Amino acid sequence: GAVVSQHPSWVICKSGTSVKIECRSLDFQATTMFWYRQFPKQSLMLMATSNEGSKATYEQGVEKDKFLINHASLTLSTLTVTSAHPEDSSFYICSAAPATSREQYFGPGTRLTVT
Amino acid sequence: AQSVTQLGSHVSVSEGALVLLRCNYSSSVPPYLFWYVQYPNQGLQLLLKYTTGATLVKGINGFEAEFKKSETSFHLTKPSAHMSDAAEYFCAVSVGGNEKLTFGTGTRLTIIP
């Protein structure tokens, strides 16, 4: 149980375009989802926290207009990187937390490369 | 605000030897503590967690960790390393009823045959 999927697992896009990453909780309802960014050989940095049906809470320094987060249902959250640039290339990981547990279940990650 | 310090960004041990990965935390309130493992190009998998109660926590794959409040530590150990243990390990803390996790910088574990 407690499986989280991400799609796509790997994406290449051209500079200036937008790309959407999906995060789904497959067998539980996630009241809260988290989006992290991980640079090579570094730790995970929390970008934002999203609760179903409400606006996401962004961490300091994260551009909310660039990284659009939508948590439209209890099983789906999306991260859209708008007007992507090479410096946005990174590994993006989502996690989902059910209402009944403090535990976050992590997705497998999405590697974004912007050329 | 809480923080996590992992001592040693790289640790190498021989196969069959003891694994010890160090984690110290800072928190003004009782913390929840976690150890995660990450294999290349994958997400994180929970190894074990401490919330309340017994301070020695056993996790998957033979790992365990002990919460020591007096030392503000939560070190991860495994008696006998296996080649499959080679991965990146992250210690994390959450506090105050908020699931928000703060991660350490990670320790890369290498197993020497």
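Chains as they are written, first to last, in the working numbering: chain A, 924 to 1038; chain B, 510 to 622. Glycine included, every Cβ here is placed at the ideal spot set by N, Cα and C. Values in this document were obtained by computation on a predicted structure and should not be read as measured data.
8 Å Cβ cutoff, residue i in contact with chain B
{"i": "A:Gly984", "result": "no"}
{"i": "A:Pro931", "result": "no"}
{"i": "A:Phe990", "result": "no"}
{"i": "A:Leu967", "result": "yes"}
{"i": "A:Arg947", "result": "no"}
{"i": "A:Pro1009", "result": "no"}
{"i": "A:Pro1031", "result": "yes"}
Nearest residue (CA-CA) to residue i, options the options
{"i": "A:Ala1020", "options": "A:Ala1007, A:Arg960, A:Ile935, A:Thr972", "result": "A:Thr972"}
{"i": "A:His1008", "options": "A:Leu969, A:Val1037, A:Gln929", "result": "A:Val1037"}
{"i": "B:Ala510", "options": "B:Pro540, B:Gln554, B:Leu516, B:Arg531", "result": "B:Pro540"}
{"i": "B:Leu542", "options": "B:Leu516, B:Tyr534, B:Glu580", "result": "B:Tyr534"}
{"i": "B:Met592", "options": "B:Leu530, B:Ser521, B:Tyr545", "result": "B:Ser521"}
Same chain, Cβ closer than 6 Å to residue i, neighbours up to 5 away in sequence not counted
{"i": "B:Leu610", "result": "Ala601, Ser603"}
{"i": "A:Phe1014", "result": "Gln961, Gly1032, Arg1034"}
{"i": "B:Ser589", "result": "Gly525"}
{"i": "A:Trp933", "result": "Arg1034"}
Close beta carbons around residue i, own chain, < 8 Å, minus the five adjacent residues each side
{"i": "A:Thr954", "result": "Asn974, Glu975, Leu997, Ala1020, Pro1021, Ala1022"}
{"i": "A:Ser941", "result": "Thr1003, Val1004, Thr1005, Ser1006, Ala1007"}
Whole-angstrom C-beta distance between residue j and residue i, which should lie under 8 Å
{"i": "A:Met956", "j": "A:Ser1006", "result": "Rounded, the Cβ-Cβ distance is 23 Å, inconsistent with contact."}
{"i": "B:Lys587", "j": "B:Phe572", "result": "5 Å"}
Short CB-CB distance (under 8 Å) between residue i and chain A
{"i": "B:Thr564", "result": "no"}
{"i": "B:Thr581", "result": "no"}
{"i": "B:Gly568", "result": "no"}
Close Cβ partners of residue i (< 7 Å) along its chain, the five nearest in sequence each way excluded
{"i": "B:Leu555", "result": "Phe543, Tyr545"}
Problem set entry | 3-residue-minimum beta strand (DSSP E) runs that sit fully inside the region 969–1027 of chain A, ordered along the chain | 990–996, 999–1004, 1013–1021
For this session: Please specify which runs of the alpha helix (DSSP H), each continuous and at least 4 residues long, are wholly inside the region 555–600 of chain B, giving them in chain order.
Result: none
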